[in-house]
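Comments concern the structure below.
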Amino acid sequence: MDFFTRAKILSQVDNHIASKRCLATHQQDKNKELPKENHDDQFFLLVDMGIDKKLIDKIYSYFIQFDFKYQSSVGQKVSFLDKAVFDTYDKLRTVNLYEHTLRVVSNALNDKEVDVTQRPLVGLFALLHDTGKSEKLCDYFGITYGNGHERASAEFIQIILHQTPYEKLGKMFSDELILICDVKSKKKPYEKLGFYGAALYRSDALARVQELEMLEEKKAGSA
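For the sequence shown, my numbering assigns the number 233 to the initial residue and increments by one for each residue that follows.
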């Protein structure tokens with residue numbers, strides 16, 4: 233599957249304009265040599281960029297405690313009428329939640345559409361955006377699991393950011409995640425997303441394209 237076919241499929245899933253700009257930028261830059269990914273670095277980078285170290289340490293400990301490295305990044309109930317879209321996301325089930333989340337963080341921290349002063353906060357949002365996919369985390373915090381991971385993530389965000397310097401942002405992040413859920417289900421247009429929601433959406437969509445490329449490279453390498 234070529235890049236543009238993948239982009240078309242993800243466009244069907246994501247149903248928004250900004251991801252197309254992001255994918256076009258990726259196509260222009262894809263031939264540039266990139267450093268080898270080290271996902272753990274994203275935690276340290278967020279601290280270096282000013283995000284509270286105690287908070288990042290706590291989030292990291294939850295990622296390890298609740299086995300994010302051993303859980304699929306694709307929700308258990310994901311299904312699509314379009315077979316091509318379903319087949320694409322079926323492949324993505326092999327990408328673990330830890331790796332996917334930190335790839336989204338990396339994209340957020342390098343998003344040229346986001347002012348550098350705002351990138352750490354977008355990165356924090358990206359770090360938390362899929363936490364509701366972890367059944368173990370939801371059980372631990374008494375969060376309802378299986379009713380849409382965006383809603384579970386939104387609830388966890390407010391819990392983890394309570395009584396931190398980011399408490400007010402927690403409500404904003406949570407509201408944006410619910411909007412993202414509505415955009416994906418086509419209840420609302422992409423344009424309804426705010427600044428943080430649109431930035432996350434771009435970073436997440438790009439991560440999926442990157443992961444498809446990675447999986448295809450691995451398949452080609454093992455052939």
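Using N, Cα and C, we set each Cβ at its ideal position, and we do this for glycine too. If you're wondering where the values come from, they're calculated on a predicted model, not measured in any experiment.
Going by DSSP, what residues sit across from residue i in a beta bridge?
i, result
"Asn328", "Ser304"
In this structure, how does DSSP classify residue i when only helix, strand and coil are distinguished?
i, result
"Asp273", "helix"
"Phe427", "helix"
"Lys419", "coil"
"Gly453", "helix"
"Gln260", "Annotation note: pLDDT 46 at Gln260 (below 50); position unreliable, no value reported."
"Met281", "coil"
"Leu255", "Confidence in Leu255 is poor, its pLDDT being 47 and thus under 50, which makes the residue's placement too unreliable to answer from."
"Tyr433", "helix"
Taking its Cβ as the centre, do 16 or more other Cβ atoms sit within 10 Å of residue i, making it buried, or is it exposed?
i, result
"Tyr321", "buried"
"Thr326", "exposed"
"Ile296", "exposed"
"Ala358", "buried"
"Ile412", "buried"
"Asp362", "buried"
"Gln390", "exposed"
"Asn342", "exposed"
"Asn379", "exposed"
Would you give the residue range spanned by the alpha helix (DSSP H) that residue i belongs to?
i, result
"Asp289", "285-297"
Open item on the list: What ranges does the alpha helix (DSSP H) occupy inside the region 332-411, keeping only unbroken runs of at least 4 residues that lie completely in it?
Closed with: List check, alpha helix (DSSP H) in window: 351-360, 367-373, 381-392.
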